[in-house]
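Asks: Starting off with a structure, shown below.
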Amino acid sequence: MEIRDENYRIWAENGCVYFDGILRLAGPEAYAPIYSMAVAILHEKHERVIFDLTSLEFLNSSGINLLAKLTIEARKQSMAHVVIKGTSQYPWQAKSLPNLKKLYPQLDLQIA
Amino acid sequence: MDKAATSTRPWGSFRAKFILVVGSAVLIDLLISGGLALWNVQRLSRNAAEEVGRGLEQASQDYIQTYANSTAAQVSLLLGQVNNDVSVLAGVLQEQIDNPKRQANIGSAMSGISPGSVQLSFNPEGQWAQNAPGAPSVVSAWGYLLDENHSPRPDVQAEIQASAVLDLVAPSLLQNGSSKLQMYFIGPKERPIFRTAPYTDQAQTFDRLYPGHNKADFWDFFFPGLYESWQGWEADVRAQPGPDDITQTAPYTDAITGKQIVSFFHPLWSADRKNVAGTAGADITLDQLAEIVVNVKVAESGFGFLAMSDGNVIAINKAGEKTIGLRSASDAKGSGVTGLERSLKNSTQEAITELANNPDQGIRHLLLTDGDERVPFMVIMKKLPPINLWEPGRVRKDAMSLGIVVPEREIYASLFAAQAKISDATNRIVIYQILAILFSLMVVTLAVLAVSKRITGGVSALAGAARRIQAKDYSVRVPVTSRDEVGQASDAFNRMAEQISFHTENLEQIVEERTAQIEDAKEEISILNAQLERENRRLGTELAVAERIQMMVLPRPSELASSKDLEIAAYMSAAEEVGGDYYDVLEAEGRFKIGIGDVTGHGLESGVLMLMVQSVARALHEAGTTDPVKFLVDLNSAVFKNIVRTRIDKHLTLAFLDYDGKDVIISGQHEEIIVVRANGALERIETMDLGLPIGLESDISPFVGTRRIMLAKGDLIVLHTDGVTEAENAEGKLFGIDRLCEEAVRLRDQSADRIVAGIIDRLMEYIGPHKVHDDITLLVLRHR
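Sequences listed follow chains A and B, in order. In this text, residue positions in the first sequence follow our numbering: the first is 116, and each later residue adds one. In this text, residue positions in the second sequence follow our numbering: the first is 2, and each later residue adds one.
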């Protein structure tokens, strides 16, 4: 599965969802396909689901809302092991990702 | 099938091409194979003819050669027999001479027994003496051998008596052995009596044919040089031409019989062998010799001839004589016996003349003239064993040649016949072959015509049908008669024809249907267009409403200026559409609550959410909720529930600053809050741990915290949304918090308005012509 555009690329592979590029979509409707894909991965009952954001340079507020909703979804599913990999290289990640841990303390947030 | 159409291009039709191609292939094949067969037959015939020709020619030549040899052998045999007979006679006579006593006794005995043989009577008319008829032999004594009493001289009489022994031998020799005309004894030159058996009137005949002979010596008159030659042999053996004593004459006219004869002499020698003692002789007619040669019969008109070495032909038949152009001439020499002159050298035929001059043995091919025609002949020359030949004056060695002459056309008749038969057979084969080829061609042509009609019939039918469709006859159908490609094509053609027919006949209806469909579609499109227009209008309206809401919600300038202590300036710029930024200044009973937030997304929902947040905040502030934590938790709770109800899929960051105239309490999670002290010191206050975005969780109480900061005179606080720090320049670089802080510090002594304007100027300058992605909101509070 892959969703891509001029500026970004999101694809899933063995229970891992990779985000790449700059995501600046208009709103929840525009993010819906990405959300569906990520939720589908969550429902696939992998032992471990990883959202790898280390290559995601920018994510706008609607995108951050998407991450929050995914985290809440993971919490609803009581997923044993959900990992979000981030990097402090991009300011938005340091600013927004800790909130996800607050939403779901079992979340494995790895900011490198 | 459309006959008229196909007949217009008879050679362009598929069938014609098919016939042409197949026909050409067959024709070429037939021509090549037929030509090869013909060529081979011709070659075979030629080879066979040559082979047969060579064989037959060889056989013919062998045959003629053999024939010539056998004829030569016959001639030699005849001559040999004559030689033998003469030798026998000569042997007897020589015996007498060698024994004179016995000779005298036998002579006198013969005189007693057969007085007719030795008693001669004078013939006064002829002046010679001759015995009377009735004796076995006639003996003549010439005038010069008689005495005055006309009686033979005594020595002559003794010779006559001695020669009477011939009567004992000659008759039996004449009867047996080869056929001889006569046998005789001639005395020596001193007494040349002439005794001949059988008895003839020989002296009389001599008188008639050779007048004057009685006056001259017999030898010198009849055979000049012969006697002397023999005498020479006696003196010197080397003078003798051949080993044999026998000497032969050329043919001459016999004095007694008048026939052409050849004489064979065997000289007799004196007892002491010092002189010639006469001769024994025998004559054969030329006919006898000629008989062998004349009887030569090769093929139809082949003949033989016998020629002396000088080219004089002594035996030939009449037809042969004419063929090789011989001309007889009388003896022109005038001495001796009269000869026969019929030489090859005088032939009227040039080829024969040449042959006479070059009489080598072997086979040769000549062209002889027969009237106007030149006829090829084959001539075989065969030399006979050499003999001693007398010719007037001398004796020389001579060898006769036997010639066999055959017209080639006859000798090769069988060859020609064989070749003709081969040629006939060849011609017959050729004609049969040609007939076979023609027949094959006819059969193949008929077959091709028949098959082509079957094979191309379908295609022709298709072509005809296609032409009729071209002529707008859509009712045409092709019969499907086979299951091959043509059948499939016919089937497909019929279906297409049906469709064309259907479409053509129903074109009007179809056009109507299509028009109706297009009109329907057009209507549908215009409906959709209208819907789209309405939608756009709705969206436009929605945006207009949202913008209105946002503008309505934001505090009035008077509200910003309502504080005695705080100087507040704000800037807000929506991105392309209505933004989600929110700021507020709430005042109640001297308590100021300044809020800043950022709703995710844009549009009506964002506007509504902002309105709800503002309303709840206003309500809580009015209700006197002074605890910042409780304020935020309650606000979140109320907004969360409304978000669930309205299914607004958004949330917002939101931070509040509570100012009680002395300190500022910060609560809620938002961007960093920048504090610039009057002395220029910069403080950046992180709000991450002071709350959670509003609308995500029903209860955020575990996460909400506060931070209290002192605010002295001249200090200023800068609030912003991420639209400021995340604004990009042309290179995609963010404006960043540091630049913002830097500007705030730089402008700290100025009024809040000026500070806002300054920062915005710097920001706009930074962005340049690049796109503004997000709402930009800036709020500056300054302690008066």
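Virtual Cβ for every residue (Gly too), placed ideally from N, Cα, C.
Check whether the region 752-768 of chain B touches the region 717-733 of chain B, counting contact only when three or more Cβ pairs, one atom from each stretch, lie closer than 8 Å.
Replies: With the cut-off at 8 Å, the region 752-768 of chain B and the region 717-733 of chain B touch.
Asks: Cα separation between Ser118(B) and Val166(B)?
Replies: 10 Å
Asks: Who are the near neighbours of Arg365(B) in its chain, counting only those whose CB is closer than 6 Å to its CB and skipping five residues on each side?
Replies: Val380
Asks: For Val786(B), does the three-state DSSP call read helix, strand or coil?
Replies: Limits of chain B in this structure are 2 at one end and 785 at the other, which puts residue 786(B) out of reach.
Asks: If you run the structure through DSSP and keep just helix, strand and coil, what is Phe207(B)?
Replies: helix
Asks: List the residues of chain A that Phe704(B) touches, going by C-beta distances under 8 Å, in chain order.
Replies: Lys217
Asks: Report the option in Asn680(B), Pro703(B), Trp220(B) whose CA atom is closest to the CA atom of Gly394(B).
Replies: Trp220(B)
Asks: Quickly, what does DSSP pair Trp391(B) with across the bridge? List them, please.
Replies: Thr250(B), Val396(B)
Asks: Thr707(B) touches chain A at which residues, Cβ-Cβ below 8 Å?
Replies: What Thr707(B) touches in chain A: nothing, since even the nearest Cβ is about 17 Å away.
Asks: Against chain B, with Cβ distances strictly below 8 Å, would Ile179(A) count as a contact?
Replies: yes
Asks: Work out the CA separation of Glu126(B) and Gly337(B) for me, nearest whole Å.
Replies: Residue confidence for Gly337(B) is low, a pLDDT of 48 falling below 50, so the modelled location carries little weight and cannot support an answer.
Asks: With 8 Å set as the bound, which would you pick, yes or no: does the beta-carbon of Arg190(A) sit closer than that to a beta-carbon of chain B?
Replies: no
Asks: For Val479(B) and Arg16(B), I'd like the C-alpha separation in whole angstroms.
Replies: Whole-angstrom Cα-Cα distance: 17 Å.
Asks: With H, G and I counted as helix, E and B as strand and the rest as coil, what does DSSP make of Ser336(B)?
Replies: Only weak support exists for where Ser336(B) lies, its pLDDT of 43 falling under 50; the value from the coordinates is given anyway. The answer is coil: DSSP assigns Ser336(B) none of H, G, I, E or B.
Asks: At a CB-CB cut-off below 9 Å, which residues of chain B make contact with Ile187(A)?
Replies: Leu697, Glu698
Asks: Any idea if Tyr433(B) is buried or exposed, counting beta-carbon neighbours within 10 angstroms, 16 or more meaning buried?
Replies: With fewer than 16 other Cβ atoms within 10 Å, it is exposed.
Asks: When you measure from the CB of Ile98(B) to every non-hydrogen atom of the ligand ADP, does any distance come out below 7 Å?
Replies: Absence of the ligand ADP from the depicted structure is noted, as is the absence of any ligand whatsoever, leaving it without description.
Asks: So is Asn122(A) in contact with chain B if we call contact Cβ pairs under 8 Å?
Replies: At a cut-off of 8 Å between beta carbons, Asn122(A) makes no contact with chain B.
Asks: Looking at the C-beta of Ser170(A), does it have a partner C-beta in chain B at a distance below 8 Å?
Replies: No - not a single Cβ of chain B is within 8 Å of the one on Ser170(A).
Asks: Are the beta-carbon atoms belonging to Tyr146(A) and Gly136(A) less than 8 Å from one another?
Replies: no
Asks: List the residues of chain A that Leu693(B) touches, going by C-beta distances under 9 Å, in chain order.
Replies: Asn214, Lys217, Leu218
Asks: Output needed for Phe265(B): all residues of its chain with C-beta closer than 7 Å, excluding positions within five of it in sequence on either side, in chain order.
Replies: Val83, Asn84, Val87, Ile247, Gln249, Gly282, Ala283
Asks: Under 9 Å Cβ-Cβ, which residues of chain B neighbour Asn129(A)?
Replies: Going along chain B, no residue has its Cβ under 9 Å from Asn129(A), so there is no contact; the nearest lies around 29 Å.
Asks: What does the alpha-carbon distance come out to for the pair Val376(B) and Asp361(B)?
Replies: Each residue's Cα considered, the two are about 22 Å apart.
Asks: Within 10 Å of its beta-carbon, does Tyr583(B) have 16 or more other beta-carbons around it, so buried, or fewer, so exposed?
Replies: buried
Asks: Between which two residues does the beta strand (DSSP E) harbouring Trp143(B) extend?
Replies: Looking at the DSSP string, Trp143(B) is not in any beta strand (DSSP E), and its letter there is neither H nor E.
Asks: Is it buried or exposed for Gln518(B), if we count other Cβ within 10 angstroms and need 16 for buried?
Replies: exposed
Asks: Which residues of chain A have a Cβ atom closer than 8 Å to the Cβ of Met689(B), listed in chain order?
Replies: Contact note: Met689(B) reaches chain A through Lys210, Pro213, Asn214, using a C-beta cutoff of 8 Å and chain order.
Asks: Is the CB of His771(B) under 8 Å away from at least one CB in chain A?
Replies: So, not an interface residue.
Asks: If you run the structure through DSSP and keep just helix, strand and coil, what is Ala5(B)?
Replies: At Ala5(B) the pLDDT is 42, less than 50, meaning the model places this residue with poor confidence; the figure from the coordinates comes in the next sentence. Looking at Ala5(B) - three-state DSSP - the assignment turns out to be helix.
Asks: Does the distance from the C-beta atom of Lys384(B) to that of Asn70(B) stay below 8 Å?
Replies: no
Asks: Under the three-state reduction of DSSP, which class applies to Ala147(A): helix, strand or coil?
Replies: helix
Asks: Across the region 711-723 of chain B and the region 635-653 of chain B, are there enough close Cβ pairs to call them in contact, namely three or more that are closer than 8 Å?
Replies: no
Asks: If I'm right that Ile777(B) touches Gly724(B) with Cβ under 8 Å, what's the distance once you round it to whole angstroms?
Replies: 4 Å
Asks: How many angstroms separate the CA atom of Thr72(B) from the CA atom of Gly363(B)?
Replies: 15 Å
Asks: Can you say whether Arg785(B) is buried or exposed, counting buried as having 16 or more other CB atoms within 10 angstroms of its CB?
Replies: exposed
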